[in-house]
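Colleague:
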Amino acid sequence: MIRKVWDNVEEGALCLLLFFMVTITFVTVVTRYVFDLPLSYIDQLVPNMFVWVTFLGAAAAVKRRAHLGLSLLYDLVPAAVRVVVDALILLGCGAFFLGTAVYGAKIVSMQMENRLTTSLGYPSWFVGLAVPVGSVLFVVRAVEAWVRHRRGA
Amino acid sequence: MDPHLPILLFGSFGVLLFLNFPIAAALGISSVLVITVFDLAPLELIPQQLLSATDSWTLLAVPFFILAGNILAKTAISERLIRLARVVVGQFPAGLAMVAVIVSIFFAGISGSGPADTAALGAILIPGMVAAGYDRRSAAALMAAGGGIGIIIPPSIALVIYGVVANASISKLFIAGILPGILVGLSLFAVSYLLFGKDPDIRPEKRGSLREIGAAFKDAAWGLLAPLIILGGIYGGVFTATEAATVAVVYGVIVGFFIHRDLKLSDLPGILVDTGVTTGVVMLLVCTASLFAWVLNTSGVAAAAASGMLHLASGKMVGFLLINAVLLAAGCFMDAISIFYILLPILLPVVKALGIDLVHFGIVMTVNMAIGQITPPVGVNLFVACGIARISMKEISRAVLPMVAAQTAALAVICLWPDLSLFLTRFMR
């Protein structure tokens, strides 16, 4: 049960976020054109949710091996070399995204200390948090996929 | 500028790219490498840059158009459009190939992604063409090329990204894409006729009666209406691209649940997750590619490369030739989004100095990207079409050459005839 929830965290969040993003934007369009009543303060909320969709979606894409790459040479080399390349990719991506997670977390703590808020009143770090959370999930999913691949699944 | 900087930037990116790193990660890693080695900025800039790239109202059009496309694909609109085109033009020589091209043009007005169009239409038309006696490889190649029209005719994710990077009006870009997209379609008509028109193995379709045509038209009407609503709203100045995308989503939900009734509530989570994953792939590229573009601009590499190109390009014609050569070569190896972010900082000053209209150039660049989707080794539409037709990349790479030639000819016309792109935008509100 816990396993199932853990495996689908990103997917669940993506569904909810996208559903609310579309609904809110459509309602805004209707109020703007039909009732001539712009709800412009909402214009910030939806792009903020979009930040989360980007980083959670990127992590979910790791599970599905959906990120684009140039496999021209990779497909030509023998399997033993591919093992090394796979490890290099994991290390390189791991280092990059752990780095963004650390510096992203610094930004979040800075936003918390300064009590910055968005125009809708919720704290700015709600948005900033997407970077460290998404980056960590990206690395975790990459390691999981690598382990699964090594086991031959 | 330190001459080692561009070498490290492009060198490390090239190595990582050929090592099969995800392109998004390769762009990020090489940017960070240069930022640290040449001390361009504190590293806190990196998460901020990633964040600000995606915190955008305009780019919201990307997930919404992806979602609209996914919903409409589930409502069997493609089947209905294909049935209509078959009873109308199927009887002519190379009829089914003509159907494939016409439907590609119409479907491009609903969806904004080349691989998605190739998948939705190819799943039905490739087996259909093979059954009617068409060469399997050529049929797959034609569908892959038709899919490329998806990013030229609006809605188009590529045009949204171009508009954001080049700071050009997305509404104008959308309207400007219509006629060039149709021209690319016409070039595929010509190829289809040459390839299949006299092929004795192909069985012609039977002619549809007026009653059949009427029934098929009624059936496909909701699908035909979708592009009119999306484009009509933008053309009349009623919607922005983001708003039009939301309206398209709601339109798809209404048609799917209440009119065609082939969408079920249980389909929604899957559609939303697929949309989220595709958005993650596209937007992570946008984030790290914009970091790369920031490095190009801040370090002065973009300006130096631009003045180098201007030095080579003495006039519009030479400039266009040079730019198109760079874009076509880049399109063989990279995806459209990375190319927009990496090359636009360099190309925009050149384009402005040569006096080329930014909207016209957006269409030129996007047609290049559409060709990039069908040029090996990295042609995303080819991968999709190969999978459906169960042939190898090698087979389709050869079969697609006539289509690449035809689209390149169309590209030349689009370059030399700015009014083809700009004519319709003159009447916009």
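Chains as they are written, first to last, in the working numbering: chain A, 4 to 156; chain B, 274 to 702.
Yeah, the Cβ is synthetic: ideal placement off N, Cα and C, and Gly gets one too.
The structure displayed is predicted, hence computed values, not measured ones.
Tell me whether the beta-carbon of residue 292/B lies closer than 9 Å to the beta-carbon of residue 91/A.
Modeller: The answer is yes: Cβ separation under 9 Å.
Colleague: Is any beta-carbon of chain A found at less than 9 Å from that of residue 551/B?
Modeller: Judged by the 9 Å Cβ criterion, residue 551/B is in contact with chain A.
Colleague: Do you know how far the Cα of residue 145/A is from the Cα of residue 672/B?
Modeller: Going from the Cα of residue 672/B to the Cα of residue 145/A covers about 36 Å.
Colleague: Compare the C-alpha of residue 411/B against each of 697/B, 684/B and 676/B and name the closest.
Modeller: Nearest C-alpha to residue 411/B: 676/B.
Colleague: Which word fits residue 120/A, buried or exposed, when buried means at least 16 other C-beta atoms lie within 10 angstroms of its C-beta?
Modeller: Burial call: exposed.
Colleague: For residue 635/B, which beta-bridge partners are listed by DSSP?
Modeller: DSSP lists no partner for residue 635/B.
Colleague: With distances taken Cα to Cα, identify the nearest neighbour of residue 568/B among 303/B, 288/B and 297/B.
Modeller: Among 303/B, 288/B and 297/B, the Cα nearest to that of residue 568/B is on 303/B.
Colleague: Please say whether residue 131/A and residue 111/A have beta carbons closer to each other than 9 Å?
Modeller: The answer is yes: Cβ separation under 9 Å.
Colleague: Pick from 564/B, 542/B, 589/B and 683/B: whose alpha carbon is nearest that of residue 16/A?
Modeller: Closest option to residue 16/A, Cα to Cα, is 542/B.
Colleague: What do you reckon, are the CB atoms on residue 377/B and residue 458/B nearer than 9 Å?
Modeller: Contact flag set, yes.
Colleague: So, is residue 150/A buried or exposed, given that buried needs 16 or more other C-beta atoms within 10 angstroms?
Modeller: The residue in question, residue 150/A, is exposed, as its Cβ has fewer than 16 Cβ neighbours within 10 Å.
Colleague: To the nearest angstrom, report how far apart residue 322/B and residue 560/B are at their CA atoms.
Modeller: One C-alpha to the other measures close to 7 Å.
Colleague: Who are the neighbours of residue 8/A on chain B, taking C-beta pairs under 9 Å?
Modeller: Those do not exist, as residue 8/A stays about 15 Å from chain B at its closest Cβ, beyond 9 Å.
Colleague: Just confirm the distance between the C-beta atoms of residue 398/B and residue 380/B, as a whole number of angstroms; I'd bet it's less than 8 Å.
Modeller: Rounded, the Cβ-Cβ distance is 11 Å, inconsistent with contact.
Colleague: Going by Cα to Cα distance, which pick from 474/B, 510/B and 401/B is closest to residue 445/B?
Modeller: If we check each option's Cα against that of residue 445/B, 510/B comes out closest.
Colleague: Is it buried or exposed, residue 354/B, if we count other Cβ atoms within 10 angstroms and call 16 or more buried?
Modeller: Buried, by the Cβ-count rule.
Colleague: Please look up how many angstroms separate the CB atoms of residue 422/B and residue 431/B, rounded, as I've assumed it's under 8 Å.
Modeller: Contact doesn't hold; Cβ gap of about 12 Å is too wide.
Colleague: Could you please tell me which residues of the stretch 334 to 348 of chain B, in chain order, have their CB closer than 7 Å to any CB of chain A?
Modeller: Those would be 336, 337 and 340, in chain order.
Colleague: May I have a chain-ordered list of the alpha helix (DSSP H) segments no shorter than 4 residues that lie completely inside the stretch 367 to 440 of chain B?
Modeller: Here the runs fully enclosed are 368 to 381, 387 to 404, 409 to 421 and 430 to 439.
Colleague: What separation, rounded to the nearest whole angstrom, lies between the Cα atoms of residue 284/B and residue 636/B?
Modeller: One C-alpha to the other measures close to 30 Å.
Colleague: Name, please, each residue of chain A whose Cβ falls closer than 7 Å to the Cβ of residue 323/B.
Modeller: Within chain A, the residues near residue 323/B are 103 and 134.
Colleague: Buried or exposed for residue 70/A, going by 16 or more other Cβ atoms inside 10 Å?
Modeller: So residue 70/A ends up on the buried side.
Colleague: Can you tell me where the alpha helix (DSSP H) with residue 529/B in it begins and where it stops?
Modeller: Here residue 529/B belongs to no alpha helix (DSSP H), and DSSP marks it neither H nor E.
Colleague: Please give the ranges of any alpha helix (DSSP H) in the stretch 494 to 528 of chain B, keeping only runs that are unbroken, at least 4 residues long and fully inside the region.
Modeller: Qualifying alpha helix (DSSP H) stretches, in chain order: 514 to 527.
Colleague: Can residue 140/A and residue 13/A be called in contact, C-beta distance under 9 Å?
Modeller: It is a contact, given that the beta carbons lie within the stated cut-off.
Colleague: How far does the alpha helix (DSSP H) with residue 293/B in it reach, from first residue to last?
Modeller: Taken as a continuous stretch (DSSP letters only), residue 293/B belongs to no alpha helix (DSSP H), as it is neither H nor E.
Colleague: Buried or exposed, going by whether 16 or more other CB atoms sit within 10 Å of the CB of residue 443/B?
Modeller: Buried, since its Cβ has 16 or more Cβ neighbours within 10 Å.
Colleague: Residues of the stretch 298 to 316 of chain B in Cβ contact with chain A at a cutoff of 7 Å, in chain order, please.
Modeller: Cβ contacts with chain A come from 298, 301, 302, 305 and 316.
Colleague: For residue 131/A, go through chain B and note every residue whose CB falls closer than 9 Å to its CB, in chain order.
Modeller: Near residue 131/A (Cβ distances below 9 Å), the residues of chain B are 320, 321 and 324.
Colleague: Counting only beta-carbon separations shorter than 9 Å, does residue 57/A have a partner in chain E?
Modeller: Of the protein chains in this structure, namely A and B, none is chain E.
Colleague: Let's see if you can read the secondary structure: which residues bound the alpha helix (DSSP H) around residue 124/A?
Modeller: That residue, residue 124/A, is in no alpha helix (DSSP H); it is neither H nor E in DSSP.
Colleague: For residue 391/B, which option in 679/B, 646/B and 685/B has the closest C-alpha, if you only look at C-alpha atoms?
Modeller: Residue 391/B has its Cα closest to that of 646/B, out of 679/B, 646/B and 685/B.
Colleague: DSSP three-state call for residue 120/A: helix, strand or coil?
Modeller: Residue 120/A: strand per DSSP, three-state reduction.
Colleague: Using a 10 Å radius around the Cβ and a threshold of 16 neighbouring Cβ atoms, would you call residue 549/B buried or exposed?
Modeller: So residue 549/B counts as buried.
Colleague: Hey, is residue 329/B's beta-carbon within less than 9 Å of any beta-carbon in chain A?
Modeller: By this cut-off, residue 329/B is an interface position.
Colleague: Can you have a look at residue 641/B and say buried or exposed, based on whether 16 or more other CB atoms are within 10 angstroms of its CB?
Modeller: So residue 641/B counts as buried.
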